[in-house]
Amino acid sequence: MPLYRLQPVEALTKPPKDGCPGGAFEERSLVMGTASHYMTEARRQRKTVLFGKCGTEGCSFASTPFTVINCHSNMASSSLSLNPIKLASQIQQMGDARTRDYPVVMNPLFVFPLTIFYVYFVKVLGPRWMKNREPFQILNLVRVYNLLMVLLNARFCYIVVFHAYYPRRRYSLWCQGVTGKMDDELAYYYRTGWWYVAVRYADFLDTVFFIMRKKFNQVTHLHVIHHKYLWWKKYLTRIQIIQNVVFMSHMAIPLFVDCGFPRYLIWVANAQTFLVMCLFINFYIHSYIKRRGTPKLEADQATAKEKAHGVTNGKQD
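Going by the numbering used here, the sequence shown wraps up at 842, each residue one higher than the last.
Put into structure tokens, the structure is as follows:
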């Protein structure tokens with residue numbers, strides 16, 4: 526499926542004739558979506574727009590009413606590189622122009638090595654490092670960390686609800702495409718998104734703390750991927766399963782309603798959400814359905830063990 530890009534034709538002094546000039550091609554990521562949506566919006570708003578169709582042989586730009594200009598660019602015609610550094614640069618250039626240059630956290634050369642090292646540490650290096658060591662006494666540090674995470678995520682939730690949806694209603698809860706707009710308020714919102722991604726890396730510390738405290742039994746597949754573990758996890762797990770179903774249902778709306786949201790992002794987001802939901806369901810089944818008789822069995826085993834050692838009700842016989 527071709528990828529369509531939109532740019533206001535007012536940004537160009539005249540239609541490009543000699544290849545793809547910087548103004549026509551480099552700003553290709555202002556808006557992403559389907560051409561039919563943009564043509565419909567252009568007619569509705571009575572505006573002239575320029576959209577592009579990028580394929581293996583270059584980019585074709587057309588403006589209403591269907592004036593087609595063929596452009597060719599080395600960036601558009603070249604395939605993705607096998608060189609990791611060049612590939613990372615190409616992935617970044619394919620991103621939204623408004624956030625493309627945000628530092629570090631969305632750079633593939635940072636994300637992939639850090640993720641690989643995290644998995645290696647929690648599954649191999651960390652347990653090996655702690656094998657002959659006493660657990661670190663970091664309970665107070667963990668409490669401060671948990672409190673900080675609660676406050677930061679509460680702040681993010683507030684910004685999303687009150688700056689994006691209510692009462693300003695800059696975004697639609699039903700189906701919101703990529704607008705391509707940028708003003709001071711949106712710049713603040715996007716910077717908040719950058720901080721949100723940065724804080725998500727701090728979630729890795731959850732599992733690192735388990736390793737340092739030698740709580741290896743808590744480093745489950747679910748936790749390594751999702752980084753959540755609370756004492757009231759039974760009820761939290763139910764809420765998380767429902768949350769994932771609601772999220773996937775909401776994310777699927779642009780598959781049926783053309784609002785200009787990139788469809789490939791829907792498949793990626795829902796695939797990741799479906800994986801996490803399956804892990805939650807598997808965890809819930811093994812922890813709370815198949816082990817319903819376990820507490821009584823463990824109590825009987827503990828009593829038998831105490832009697833074998835001559836201990837009853839905390840007293841030595």
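Quick reminder that beta carbons are idealized off the backbone N, C-alpha and C, glycines included.
- In the same chain as Y789, and ignoring 5 residues on each side of it, no C-beta atom comes closer than 6 Å to its own.
- In this structure, DSSP gives L698 a state outside helix and strand, which the three-state scheme calls coil.
- The Cβ atoms of T762 and Y813 sit closer than 9 Å to each other.
- For V644, the enclosing alpha helix (DSSP H) starts and ends at P633 to Y645.
- Under the DSSP assignment, V669 falls in the alpha helix (DSSP H) whose first and last residues are L664 to I684.
- Judged by DSSP in its simplified three-state form, R763 adopts helix.
- In the three-state DSSP reduction, K656 falls in the coil class, being neither helix nor strand.
- When DSSP states are grouped into helix, strand and coil, V801 belongs to the helix group.
- For I736, the uninterrupted alpha helix (DSSP H) run begins and ends at F729 to M737, by DSSP.
- Between the alpha carbons of Y809 and V770 lies a distance of about 15 Å.
- In the three-state DSSP reduction, A777 falls in the coil class, being neither helix nor strand.
- Remark: three or more beta-carbon pairs, one from each stretch, lie closer than 8 Å, so the stretch 721 to 736 and the stretch 656 to 673 are flagged as touching.
- About 6 Å separates the Cβ atoms of I766 and I806, confirming a contact at the 8 Å cut-off.
- Rounded to the nearest whole angstrom, the C-alpha separation of R680 and D783 is 31 Å.
- Residue environment analysis places P779 among the buried positions, since at least 16 neighbouring C-beta atoms fall within 10 angstroms of its C-beta.
- Under a 10 Å Cβ-count criterion, N678 is classified as exposed, with fewer than 16 other Cβ atoms of the shown protein chains found around its own Cβ.
- For D783, the secondary structure class from DSSP, reduced to helix, strand or coil, is coil.
- Rounded to the nearest angstrom, the gap between the Cα atoms of S697 and R623 is 20 Å.
- Distance between R653 and K759, taken at the CA atoms: about 31 Å.
- If you draw a straight line from the Cα of Q768 to the Cα of H775, it comes to about 10 Å.
- At the C-beta level, C700 and F635 stay beyond 9 Å of one another.
- For M737 against M655, the beta-carbon gap comes to about 7 Å, under 8 Å, which counts as contact.
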